[in-house]
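Residue numbers (the working numbering): 5 to 218.
(1) Going by C-alpha distance, which of 76, 98, 71 is nearest residue 154?
(2) Using a threshold of 8 Å, state whether the C-beta atoms of residue 152 and residue 118 are closer than that.
(3) What first and last residue would you give for the beta strand (DSSP E) that runs through residue 128?
(4) In angstroms with no decimal places, state the Cα-to-Cα distance between residue 64 and residue 158.
(5) Sort 148, 59, 96, 74 by Cα distance to residue 88 and report the nearest one.
(6) Taking only the alpha-carbon atoms, compute the straight-line gap between residue 72 and residue 170 and give it to the nearest angstrom.
(7) Would you call the stretch 173-182 in contact with the stretch 50-65, where contact means no fewer than 3 C-beta pairs closer than 8 Å?
(8) Hey, how far is the Cα of residue 130 from the Cα of residue 208?
(9) Following the continuous beta strand (DSSP E) through residue 90, name the residue where it begins and the one where it ends.
(10) Per DSSP, residue 183 forms a beta bridge with which residues?
(11) What does DSSP give as the partner residue(s) for residue 70 in the beta ladder?
(12) Residues bridged to residue 142 by DSSP?
(13) Going by the beta-carbon positions, is the gap between residue 68 and residue 95 smaller than 8 Å?
(14) Just how far apart, CA to CA, sit residue 85 and residue 203?
(15) Determine the direct distance from the alpha carbon of residue 212 to that of residue 27, and round the result to whole angstroms.
Take a look at the structure:
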């Protein structure tokens, strides 16, 4: 976590240094933005997640794809602008066993991993309305689903989810920006119940790229 925070801070400071000189007289970030991004994520696989579902750790997907859609407003604007918003995160993927060699019978199971949730974020933003970088985080709720997709999988109960990360937006026109975000998510654990097999605390690191609109 400390290494991730240092990396995101250095990236954001570097992006701030690239801001054109004329941005010094431009207005601050905001007043609002809508982001639509495609995402790529690593998955924190573990024996505690795989075994109760009848899988080996290697049978769960190591990486998944998805969508990150968010909206943010900026109520306090200045040299450092405060942002408040939330994102809808939907990530998922399936991993199939390797093809058998020389006509041998295929072994192993298909594994699926999916996450969905709404994750609030509070951010500190640096730059101007023409482009800015940011650091932030928040606490929200999400659900995960993991196991063999050939069985009847169910989503977990709502899991307390921490997120922390940063990114940037560059406006190529008055209302459209290129945007990227790198974010660490930590999903809380859930005890087994009659309707759900349970899960350990699980982590994701999502990199997403797309467009922003204001």
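Note that beta-carbon positions come from the ideal geometry of N, C-alpha and C, so glycine has one too. The structure displayed is predicted, hence computed values, not measured ones.
On the basis of the supplied data:
(1) 98
(2) no
(3) 115-132
(4) 16 Å
(5) 74
(6) 14 Å
(7) The stretch 173-182 makes no contact with the stretch 50-65; the number of CB pairs closer than 8 Å stays below 3.
(8) Spanning the two alpha carbons is a distance of roughly 26 Å.
(9) 84-99
(10) Answer is 173, 214, bridged to residue 183.
(11) 43, 95
(12) Answer is 167.
(13) yes
(14) 38 Å
(15) Reliability fails at residue 27, whose pLDDT of 42 lies under 50, so the model's placement of it is uncertain and the value that follows must be treated cautiously. Near 25 Å, if we compare the C-alpha coordinates of residue 212 and residue 27.
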